[in-house]
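Each residue of the sequence shown is one higher than the one before, starting from 0 at the first, in numbering that gives the first Met the number 0. Where a beta carbon is used, it is the ideal one built from N, C-alpha and C, also for glycine. Bear in mind that the values here come from a model prediction, so they are computed numbers and not experimental data. Here is the structure we will look at.
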Amino acid sequence: MHNTPTVSFGRYTFHPQQRLVSKAGFPVPLGGRALEILAVLLEAPGQFVSKDSLIARVWPNSVVEENNLRVHIAALRRALDCQPCIINDPQRGYSFVAPLHSAAPVAKPRHNLAVRLSPLIGRDEVLGGVVRRLSGQRLMTLTGCAGVGKSSLALALAERVLPRYRDGVWWVDLATVQAPTQMLRHLAKALDLEPCASAQALCKPLATRQLLLVLDGADLLLSACRHLVRTLAQYAPQVSVLLSSREALHLPGEWVQRVPVLALPTPCGWGSVEQAMASSAVQLFVARVRASQQGFVLRAQDLAPLRDICRSLDGIPLALELAAAQVEALGLHGVQTQLRSSLQVLTRGRRTAVERHQSFAAALDWSYARLSLPERWLFLQLGLFKMAVTLPTLTALVAGTELEHADLPYLLARLVGLSLLAQEPGPGPARYRLLNSLRSYALAQLRDPAQVARLQAGYGHYLGPFSGRSFVLQLVEQAAYAE
Numbered sequence: 000m001h002n003t004p005t006v007s008f009g010r011y012t013f014h015p016q017q018r019l020v021s022k023a024g025f026p027v028p029l030g031g032r033a034l035e036i037l038a039v040l041l042e043a044p045g046q047f048v049s050k051d052s053l054i055a056r057v058w059p060n061s062v063v064e065e066n067n068l069r070v071h072i073a074a075l076r077r078a079l080d081c082q083p084c085i086i087n088d089p090q091r092g093y094s095f096v097a098p099l100h101s102a103a104p105v106a107k108p109r110h111n112l113a114v115r116l117s118p119l120i121g122r123d124e125v126l127g128g129v130v131r132r133l134s135g136q137r138l139m140t141l142t143g144c145a146g147v148g149k150s151s152l153a154l155a156l157a158e159r160v161l162p163r164y165r166d167g168v169w170w171v172d173l174a175t176v177q178a179p180t181q182m183l184r185h186l187a188k189a190l191d192l193e194p195c196a197s198a199q200a201l202c203k204p205l206a207t208r209q210l211l212l213v214l215d216g217a218d219l220l221l222s223a224c225r226h227l228v229r230t231l232a233q234y235a236p237q238v239s240v241l242l243s244s245r246e247a248l249h250l251p252g253e254w255v256q257r258v259p260v261l262a263l264p265t266p267c268g269w270g271s272v273e274q275a276m277a278s279s280a281v282q283l284f285v286a287r288v289r290a291s292q293q294g295f296v297l298r299a300q301d302l303a304p305l306r307d308i309c310r311s312l313d314g315i316p317l318a319l320e321l322a323a324a325q326v327e328a329l330g331l332h333g334v335q336t337q338l339r340s341s342l343q344v345l346t347r348g349r350r351t352a353v354e355r356h357q358s359f360a361a362a363l364d365w366s367y368a369r370l371s372l373p374e375r376w377l378f379l380q381l382g383l384f385k386m387a388v389t390l391p392t393l394t395a396l397v398a399g400t401e402l403e404h405a406d407l408p409y410l411l412a413r414l415v416g417l418s419l420l421a422q423e424p425g426p427g428p429a430r431y432r433l434l435n436s437l438r439s440y441a442l443a444q445l446r447d448p449a450q451v452a453r454l455q456a457g458y459g460h461y462l463g464p465f466s467g468r469s470f471v472l473q474l475v476e477q478a479a480y481a482e
């Protein structure tokens with residue numbers, strides 16, 4: 000960003016290096032263009048900057064209408080309530096006029112949380128519940144399937160509970176850690192500690208600190224996280240830990256909160272645009288379409304393809320976002336058609352995200368690759384069933400195959416624990432079902448010759464050179480006719 004120094008005005012502080020504005024220590028949600036405009040205006044506070052100059056500085060390589068500038072100025076004014084902050088003159092442009100604080104030193108930040116650039120949709124109820132629960136918990140894990148929004152919920156929760164922790168809230172993204180041995184270095188950097196060779200050495204300086212440590216993507220380093228949490232409990236009893244993970248740690252005192260998918264309209268809730276927009280899944284989808292396609296309006300004739308899209312993606316936020324990003328190029332009917340054949344439309348993802356979040360397919364690949372061979376076979380077998388199945392039904396279906404002698408209750412519990420299988424509520428025997436998007440993924444594996452070859456090779460290595468081939472081919476044949 001520009002060479003603007005850190006400045007304060009009212010209860011706000013502008014941090015140019017971190018690309019954020021904070022208010023009393025809390026990040027203020029502002030888009031990148033609004034921050035650029037603010038930086039330009041703060042280079043010469045009290046002086047007018049012409050509209051043409053602002054547009055040239057903020058959009059140097061684009062042709063932008065003046066209305067675009069006005070939209071971002073309006074967003075700045077709404078976010079900064081110390082009026083008047085920014086004034087305009089039709090002839091001279093815009094000027095930042097709020098009094099700036101002089102040489103007062105900027106307080107050391109009490110968090111390293113990223114600035115949220117878009118609102119969290121459809122999470123008010125679960126967020127309120129975990130905010131209340133965390134007040135009495137030292138260890139909480141947010142779990143759920145790939146793309147369900149565990150990291151987004153963890154960030155919103157961390158923002159809400161920041162005032163509770165004297166020594167702040169500190170976020171560590173474990174997706175950037177290449178090996179367990181590097182995790183301590185990342186933790187030490189986030190907590191402003193000297194590099195340590197052991198978890199015990201890292202935790203001892205935290206003995207008197209009262210803070211919240213957020214470990215995002217803990218399933219990447221589950222064993223190392225378990226060891227760290229145990230060590231913190233021994234040496235730093237005032238440190239609380241919040242994790243996002245596809246799998247719980249299974250430690251004493253751990254509170255596990257499964258993050259649900261977004262709500263879909265009921266079957267009769269697609270009767271009108273107003274009814275459909277009452278559901279959080281549709282709200283998110285439409286908001287993301289509008290972000291890339293200005294002027295998009297949901298019409299009654301759009302409801303049928305939108306219903307198919309939302310149902311096939313099960314209300315999973317990442318999948319909905321990636322599908323919405325393709326509407327401008329393909330249209331709603333085009334996205335609907337693509338999803339009926341495969342999840343490939345969800346492979347063009349967010350370039351700024353870590354690799355396993357750049358596309359929905361990448362997120363599922365990451366989970367599938369970490370399954371044991373028996374878990375993988377059962378996952379693919381479950382992909383053949385459109386409806387939920389019980390353990391007795393599944394036991395009968397796998398009779399005569401290599402899964403006949405497997406510990407099916409254990410394997411089913413593992414897939415549920417890994418957030419790859421849903422256990423439906425209700426009386427009677429437990430019923431298990433793959434979400435539609437996960438079922439599509441399983442069928443795609445069985446319809447891909449390269450994946451089938453790997454499965455056969457894995458079978459031969461696991462059970463002997465020929466023992467599993469007929470079962471694999473049976474699965475492939477059934478997948479070819481599955482709807």
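Give me the Cβ distance between residue i and residue j, rounded to the nearest whole Å; I'm assuming they're in contact under 8 Å.
i      : j      : result
Gly167 : Pro316 : Going by Cβ atoms, the distance from Gly167 to Pro316 rounds to 28 Å, so no, they are not a contact pair.
Ala247 : Thr392 : Contact flag wrong, Cβ pair sits at about 27 Å.
Gly30  : Ala74  : 7 Å
Leu154 : Leu219 : In fact, because the Cβ distance is near 18 Å, the residues do not count as touching under 8 Å.
Pro44  : Phe13  : The Cβ separation is near 11 Å, so there is no contact.
Gln292 : Leu379 : Going by Cβ atoms, the distance from Gln292 to Leu379 rounds to 37 Å, so no, they are not a contact pair.
Leu133 : Tyr93  : The Cβ separation is near 42 Å, so there is no contact.
Leu319 : Leu283 : 5 Å
State the Cα-Cα distance for the pair residue i and residue j, rounded to the nearest angstrom.
i      : j      : result
Pro424 : Gly314 : 18 Å
Leu414 : Val48  : 59 Å
Leu345 : Val272 : 25 Å
Pro179 : Gly333 : 43 Å
Leu377 : Leu321 : 28 Å
Leu437 : Leu381 : 10 Å
Thr142 : Ala405 : 26 Å
Arg287 : Gln274 : 19 Å
Val258 : Gly148 : 7 Å
Asp447 : Ala299 : 37 Å
Cys144 : Arg115 : 22 Å
Ala412 : Arg432 : 12 Å
Arg91  : Lys50  : 8 Å
Tyr11  : Cys84  : 11 Å
Lys188 : Arg32  : 30 Å
Ala421 : Leu305 : 24 Å
Asn66  : Ser21  : 27 Å
Pro28  : Ser117 : 8 Å
Pro59  : Arg69  : 17 Å
Glu374 : Thr230 : 31 Å
Ser340 : Pro426 : 35 Å
Quick one: what's residue i bridged to in DSSP?
i      : result
Ser7   : Thr12
Gly252 : In the DSSP output, where bridge partners are listed per residue, Gly252 has none listed.
Val70  : Answer is none; Val70 lacks a bridge partner.
Thr389 : Arg430
Asp88  : Gly92
Val238 : Leu210
Arg257 : Thr142
Ser243 : Leu141 and Asp215
Skipping 5 residues on each side, what residues in its chain have a beta carbon closer than 6 Å to that of residue i?
i      : result
Glu500 : This structure cannot settle anything about residue 500, because the visible part of the chain is limited to 0 through 482.
Ser439 : Leu342
Val240 : Leu138, Leu212 and Val228
Ser311 : Leu338 and Asn435
Leu363 : Ala145 and Tyr440
Pro264 : Ala275 and Ser278
Val397 : Glu403
Ala78  : Val27 and Leu29
Going by beta carbon distance, what residues of the same chain come within less than 8 Å of residue i, once the five residues before and after it are set aside?
i      : result
Ala262 : Gly121, Ser278, Ser279, Ala280 and Gly314
Leu126 : Leu119, Leu152, Ala155, Leu156 and Arg159
Tyr234 : Gln199, Cys202, Lys203, Leu205 and Ala206
Pro408 : Leu390
Between residue i and the rest of its own chain, which residues show a CB-CB distance below 7 Å, the 5 nearest in sequence each way excluded?
i      : result
Leu192 : Leu201 and Pro204
Gln209 : Tyr164, Arg165, Asp166 and Gln237
Pro98  : Phe8
Leu19  : Pro26 and Val114
Next item on the list: Could you name each continuous alpha helix (DSSP H) segment of 4 residues or more that falls completely within the stretch 259-321, going from the start of the chain to the end?
Entry: 272-275, 279-291 and 302-311
Check: Whole alpha helix (DSSP H) runs in the stretch 104-175 with 4 or more residues, listed along the chain?
Finding: Counting only unbroken stretches of 4 or more residues, the alpha helix (DSSP H) elements lying wholly within the stretch 104-175 are 123-133 and 149-160, in sequence order.
Check: Which ranges would you report for the alpha helix (DSSP H) in the stretch 391-466 if only whole runs of at least 4 residues count?
Finding: 407-416, 435-445 and 448-462
Next item on the list: Could you tell me which uninterrupted alpha helix (DSSP H) segments, each at least 4 residues in length, are contained entirely in the stretch 197-235, listed from first to last along the chain?
Entry: Segments of the alpha helix (DSSP H) lying fully in the stretch 197-235: 198-202 and 221-234.
Checklist line | Ordered list of alpha helix (DSSP H) runs contained in the stretch 15-61, each at least 4 residues | finding: Fully enclosed alpha helix (DSSP H) runs of 4 or longer: 31-42 and 50-57.
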